[in-house]
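Start counting at 1 in the sequence shown, then tack on 4, and there's your number in our numbering.
All C-beta atoms, glycine included, are put in the ideal place defined by N, C-alpha and C.
The structure appears below as structure tokens.
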Amino acid sequence: MNVNQSAPPVPPFGQPQPVYLGHHQSSYGGQLGSTTAPTSYGAYNGPVPSYQQTPPPGVSRAPPSAGAPPASTAQGPCGQTAYGQFGQGDVQNGPSSTVQMQRLPGYQPFGSAILAPVVSQPAVLQPYGPPPTSAQVTAQLAGMQISGAVAPASPPSGLGYGPPTSLASASGSFPNSGLYGSYPQGQAPPLGQAQGHPGAQPPQRSVPLQASSFTPPASGGPRMPSMTGPLLPGQSFGGPPVSQPNHVSSPAPQALPPGTQMTGPPGPPPPPMHSSQQPGYQLQQNGSFGPTRGPQSNYGSPYPGAAAFGSQPGPPQPLPPKRLDPDAIPSPQLNELPPQQKTRHRIDPDAIPSPIQVIEDDRNNRGSEPFVTGVRGQVPPLVTTNFLVKDQGNASPRYIRCTSYNIPCTSDMAKQAQVPLAAVIKPLARLPPEEASPYVVDHGESGPLRCNRCKAYMCPFMQFVEGGRRFQCCFCSCINDVPPQYFQHLDHTGKRVDAYDRPELSLGSYEFLATVDYCKNNKFPSPPAFIFMIDVSYNAIRSGLVRLLCEELKSLLDFLPREGGAEESAIRVGFVTYNKVLHFYNVKSSLAQPQMMVVSDVGDMFVPLLDGFLVNVNESQAVITSLLDQIPEMFADTRETETVFAPVIQAGMEALKAAECAGKLFLFHTSLPIAEAPGKLKNRDDRKLINTDKEKTLFQPQTGAYQTLAKECVAQGCCVDLFLFPNQYVDVATLSVVPQLTGGSVYKYACFQVENDQERFLSDLRRDVQKVVGFDAVMRVRTSTGIRAVDFFGAFYMNNTTDVELAGLDGDKTVTVEFKHDDRLNEENGALLQCALLYTSCAGQRRLRIHNLALNCCTQLADLYRNCETDTLINYMAKFAYRGVLNSPVKTVRDTLITQCAQILACYRKNCASPSSAGQLILPECMKLLPVYLNCVLKSDVLQPGAEVTTDDRAYVRQLVTSMDVAETNVFFYPRLLPLTKSPIENTTEPPAVRASEERLSNGDIYLLENGLNLFLWVGAGVQQGVVQSLFGVSSFSQITSGLSVLPVLDNLLSKKVQGLIDSLRAQRSRYMKLIVVKQEDKLETVFKHFLVEDKSLSGGASYVDFLCHMHKEIRQLLS
């Protein structure tokens, strides 16, 4: 059947059919606790009485446009109007005093025709401004060019990628100047060893199209950086290290590792080379960024003489000079260069693809119009672009994003391209207020209509036949009877006349009310419960945590999640405190005072009371308040330092089982559980294992007991959220197993101090308690014939190969699914995905949420490469690698990623790019940021830790990334760097970002850097006195307190602007980002520089330029 056929005009929405009970909006995706009366199905941007217009023909079996969308301007991530990237005279993310960048002739912004082929479009940022001076030109590398060389086609719209606008942040406090507040640690790992994981080659898959190319020089070219030291003859490159975007711990030494001398005979000037492709981009040669940093280490030979790129380009061809040819620029003698330029890259960083420019172009081109989902296989705007979505038959990209929207028709083609075929699914994603939540459809006792064979749910792609009496399944082609109560006549195009009255026939996402058949034991569920389990050992009392938490819970319990227009939450609550023993509390409303019951036999855990343990907050408010007042006093003089952990989870799970409901445990825990009890752990922290084959054991749980416990929790629908407050090693790898397998979250506040960390902890707690959650959930992904789901990544449990089981699932969590071919696909029919999530709502209602997505299929590799999404690709590759470290050496994991990236790009070069010199690196247009983003993943603390990164930090970040969405991984691996003082103070919109490199920092400016977990305010030493006074309330730079976490509230425009921007950034992220003020040349600056991911990192990670050169070498080896 053809999914891409036109939708005929039909009448606007009418009344529901007599047997159809109507549909109304759920509270999912909308404002918490918003009231929504049942409405008839209406237009985009909210329910309206009916459609205002007939649908336009020609969409892919999708519903028509539902009313006119609101006029919208290009929006920035904070909801402001999109801004232009450059100020007057401002260099695009470059040093303001040196080379200006200018668009060369032939540069075009991305077009708007998404599926159009690409035509010679430059794939990389071109310099702005006047041409470089002769001194600067002579410093350029004789050969790297970037330009778009591709098979003729029109440009895809908005296919660049960069940091996201919304993101989950990880927690981390900063006492010892470590971002996670790392405690003192042991020795640093040897820097000289690369890491990876054996035999975990990512599965084969497919890619997008249009070229960026650049030509490395034949002589005087940069050496490939060895991530672990100089390359030896015959030695392969284990994967470039790089500065890491994940998180930071205590500062590493300021000085870079000693570099090799940049001396040696310069190579002769290479012969000129011309090409017919787009304008080129000069690339500076490998070296350190910025005048103040020394030469890079890890070079096996001197800069100028080492021919790193193979054969010399051929003699000049008489082709039109459409692009600047670096090969035509003579290479200067090293001693002719000014001293500053001897240590600079001869590859100009401004000449290689810029994430910032790609993001900016996509915002300008695609941020102003709604993204209408009626067209099959349409690539959505980037996650960093603020756009509205209009559901016309395919699920919004807020729910599903794919690595490619055009799937190869055959498995051979997929293996050839190596592009992973995967979807990142966020079933309960929150929507902006302008977009309507999924409609809820109630089919009564008969339940939702499904295919008899494959059990797929009714969706817009099902084909009705025989006058509407039967329908053909779009997933398995089975012909099914239509029940009499669901029957409706067809129009002249074969479409049901009530198609636009029914969400399941016209929308990509909707919900069904489930019948009792979808419930455990054929019984509708009770409303879920929350149990707060508080560690009252010595550390928790002494730090002030228990008192702070009890005080907060008094007010927080009034804000439990509720559904639709409910006046109060249906969720019940219970309380447990513990150290070596557990204390249960009876808070029944009829009691004058709470009653405590102690269970000291933690080896055989049971719940000592049922009645009075789980209560309604409103009914028992007085008793609960009394309990929360008494807990800090009861344990004020405790000297008990030992704690248990597994029995606490066991107790919570048993309580939910006894109450016959699902729910969530909130655990507040401070130390390694060393008390005699099930789940007892020992300190196994051993940094000597780093860079050895046994390093993987640091990520594995100590004991299998926690996996067994997690399995029991999932069966009961018991989700666990863990708040950790460690002062030393607590074995996060083991303690996080239960939260990870139950769909929960882990928050970590190392060296917790109330005065420093109160705001972050309380903000995270409030958001965690208030967010809407689906309980006791099962998710299944169905596909049309030809592909199938083969692998899953995320925070969940799987008992078989198809069902993803989640004790809890919130709006921040994603499940990443990988697909493989099991048959040939058909270009005409395309490929279909259907994600079905069965869950219990906060009110105890059993529901099915359905998301449908239709993709194109292709027989040409060029079509695959033209429709890829780099941000989603990086999300998949990071999760693949982070799971790989559990079973394989880190070096093998890194090598696998590098090899796969090289194969993807080499396949493009071989099969899709127009012929050109072997010295050119040609990148697909929508994958031109793959090298810079992959380098960030390789340099991350999980895959390449610095000396200051603790074992717990690595385990924490590993589990965190596992369930991140695409926007979160985007900004996590490539942080946003925002200059605060370059734009006029009156301009309150978010300033344009600059590239994450020290070279982009000006000592006269102030910058904000955020990665979703951390927030730095970097202050240059040359900032004007007036700016310092306006922002910090002190008269000079020297008086600013380094490490400050709260800015003074001052009554001036600059202070209000910066405070507003910080609040706006925090609102975009799922975790609270604690502010850290960093002064230039201060010891904390080392921690800040960890996030400047385009530079070489102290842990040995390659700079962006070096890694690009290395990828080019790998690609050339594959092609030869």
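Query                                                                                                                        : Result
C-alpha distance - Val777 paired with Asp761, whole-angstrom precision                                                       : 26 Å
Outcome for Lys499 when other beta-carbon atoms lying within 10 angstroms are tallied against a minimum of 16                : buried
Among Ala355, Thr738 and Ala440, nearest to Gln704 - alpha-carbon criterion                                                  : Thr738
Residue environment, Ala1106, which counts as buried when at least 16 other CB atoms sit within 10 Å                         : buried
Residues of its chain near Gly578, where Cβ-Cβ distance is below 6 Å and the 5 sequence neighbours each way are ignored      : Ile535, Phe617 and Leu618
Beta-carbon contacts of Val741 that lie in its chain and below 7 Å, excluding the five residues immediately before and after : Pro705, Tyr710, Gln711 and Ala714
Three-state secondary structure (DSSP) of Ile791                                                                             : strand
Cutoff 6 Å; reference Gly721; Cβ partners in own chain excluding five residues on either side                                : Ala666, Phe779, Asp780 and Ala811
Which residues DSSP lists as bridging Leu859, in chain order                                                                 : Ala835
Beta-carbon proximity check, Leu613 vs Asn590, cutoff 8 Å                                                                    : yes
DSSP beta-bridge partners of Ser415                                                                                          : Ser415 is not bridged to any residue.
Among Arg688, Asn620, Ile404 and Thr818, the one whose alpha carbon lies nearest that of Thr707                              : Arg688
CB of Ile538 within 8 Å of CB of Phe672, strictly                                                                            : yes
Arg1004 versus Gln1043, Lys1093 and Lys394, residue with shortest Cα-Cα distance                                             : Lys1093
Three-state secondary structure assigned by DSSP to Gln732                                                                   : coil
Endpoints, the beta strand (DSSP E) within which Leu984 is located                                                           : Premise fails: Leu984 is in no beta strand (DSSP E) and is neither H nor E.
Completely contained alpha helix (DSSP H) runs for the segment 1024–1092, where each covers 4 or more residues               : 1029–1036 and 1057–1072
Rounded Cβ spacing between Gly748 and Pro529 (contact assumed at less than 8 Å)                                              : With a Cβ gap of about 19 Å, Gly748 and Pro529 do not count as contacting.
From Arg1120, Thr844 and Leu947, residue whose alpha carbon lies closest to that of Ala574                                   : Thr844
Delimiting residues of the alpha helix (DSSP H) encompassing Arg474                                                          : Looking at the DSSP string, Arg474 is not in any alpha helix (DSSP H); the run it does join, the beta strand (DSSP E), is Arg474 to Gln476.
For Phe1111, the three-state DSSP class (helix, strand or coil)                                                              : helix
When Val550, Asp352 and Glu572 are compared against Asn622, the one with the closest alpha-carbon                            : Glu572
Cβ-based burial, Gln1029 [other Cβ within 10 Å; buried from 16]                                                              : exposed
Pair within 8 Å by beta-carbon distance, Pro487 and Ser450                                                                   : yes
From Leu852, Thr1045 and Asn1015, residue whose alpha carbon lies closest to that of Ser1074                                 : Asn1015
Neighbourhood of Leu726 by C-beta distance below 8 Å, restricted to the same chain and skipping five residues each side      : Leu671, His673, Leu739, Ser740, Val742, Pro743, Gly748, Ser749, Val750 and Tyr751
Euclidean distance between Cα positions of Cys905 and Lys661                                                                 : 48 Å
Span separating the alpha-carbon of Thr985 from that of Asp1009                                                              : 6 Å
Counted within 10 angstroms of its Cβ, other Cβ atoms place Leu1112 as buried (16 or more) or exposed                        : buried
Beta-carbon proximity check, Val889 vs Leu842, cutoff 8 Å                                                                    : no
Nearest candidate by alpha-carbon position, reference Glu680, set Leu925, Asp690, Phe649 and Phe468                          : Phe649
Whole runs of the beta strand (DSSP E) within the segment 412–490, excluding any shorter than 3 residues                     : 426–429, 443–445, 467–469, 474–476 and 483–485
Closest Cα partner of Thr581 within the set Arg457, Ala427 and Met600                                                        : Met600
Three-pair Cβ contact test at 8 Å for the segment 381–391 versus the segment 970–989                                         : yes
Residues near Ser630 by beta carbon distance below 7 Å, same chain, minus five either side                                   : Gln597 and Pro598
Coarse secondary structure for Asn1007, derived from DSSP in three states                                                    : coil
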